[in-house]
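Heads up, the sequence shown stops at 220 in the numbering used here, and the numbers go up one at a time, no gaps.
What follows is one structure encoded as structure tokens, with my remarks underneath.
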Amino acid sequence: MLEPLRQGLPPLDPAAVSSAASCALPPRYEAVREARRFTRRTLDTWETGDRFDDVCLVVSELVTNALRHALPADTPRRTEHDGPVRLHLMRWTGRLVCAVRDPSHDGPVARESEDFAAESGRGLFLVDSFSDSWGWHPLAGTLDGKVVWALFRLGPTTP
62 MLEPLRQGLP PLDPAAVSSA ASCALPPRYE AVREARRFTR RTLDTWETGD
112 RFDDVCLVVS ELVTNALRHA LPADTPRRTE HDGPVRLHLM RWTGRLVCAV
162 RDPSHDGPVA RESEDFAAES GRGLFLVDSF SDSWGWHPLA GTLDGKVVWA
212 LFRLGPTTP
């Protein structure tokens, strides 16, 4: 159930992307709140706010995981504006993808936990539960690290 797809996104035509937005996140935990605000503004602009709760939860988990597990221990946690973690939102006609880029080459690992009241360790379980699919892939070329993504199907928009 929690086996992420170590591959790129499911087949989606890049030419059919109708909207895309991206923001750099500083290496501090307040960035999770900034990512939620950015997601809210973007989804409202795209008139896909009906999926906000699911998408926002997943964005929060992906950004938290990147900040907690993917940054080297010596990364300064100051108020830098162009941080090593980046959130991307992309919308196709019937799909929305949120992707978080970080500098680590290590793939996400789901923890085995029977304690559903635990305050940590359930992030990937939530990503798996609230998105339609998710996965990750290493970056190549001039970009270093990996991208962890989640895909959401969108219902028909109402005029």
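All C-beta atoms, glycine included, are put in the ideal place defined by N, C-alpha and C.
For clarity, every value in this text was computed on a predicted model and none was experimentally measured.
CA-to-CA, the gap between VAL124 and GLY184 works out to about 10 Å. DSSP links TRP195 through a beta bridge to ALA211. A residue is called buried once 16 or more other Cβ atoms fall within 10 Å of its Cβ, and ALA211 is buried on that count.
In this structure VAL170 is not in contact with VAL146, their Cβ atoms being roughly 18 Å apart against a cut-off of 8 Å. Per the C-alpha coordinates, the member of ARG214, ARG101, SER192, SER165 positioned closest to ALA131 is SER165. In the DSSP annotation of this structure, the continuous segment of the beta strand (DSSP E) that includes LEU157 starts and ends at 156–163. Judged by their CB atoms, LEU118 and ARG156 are not nearer to each other than the 9 Å cut-off.
At a Cβ-Cβ threshold of 9 Å, CYS159 and THR100 count as neighbours. Nearest to PHE213 by C-alpha distance, out of HIS198, GLY206, VAL93, VAL188, is VAL188. Taking all protein chains in view, the Cβ of ARG152 is crowded by 16 or more other Cβ atoms within 10 Å, so the residue is classified as buried. Taken atom to atom, the span from the alpha-carbon of SER194 to that of VAL209 is near 11 Å.
Per DSSP, ALA85 is not a residue of any alpha helix (DSSP H); the beta strand (DSSP E) it occupies stretches across 80–86. ARG152 carries a strand assignment under DSSP once its states are collapsed to helix, strand and coil. LEU204 counts as exposed, since fewer than 16 other beta carbons sit within 10 angstroms of its beta carbon. VAL120 is not a Cβ neighbour of ARG89, given a cutoff of 9 Å. Secondary structure of ARG89 (DSSP, three-state): coil.
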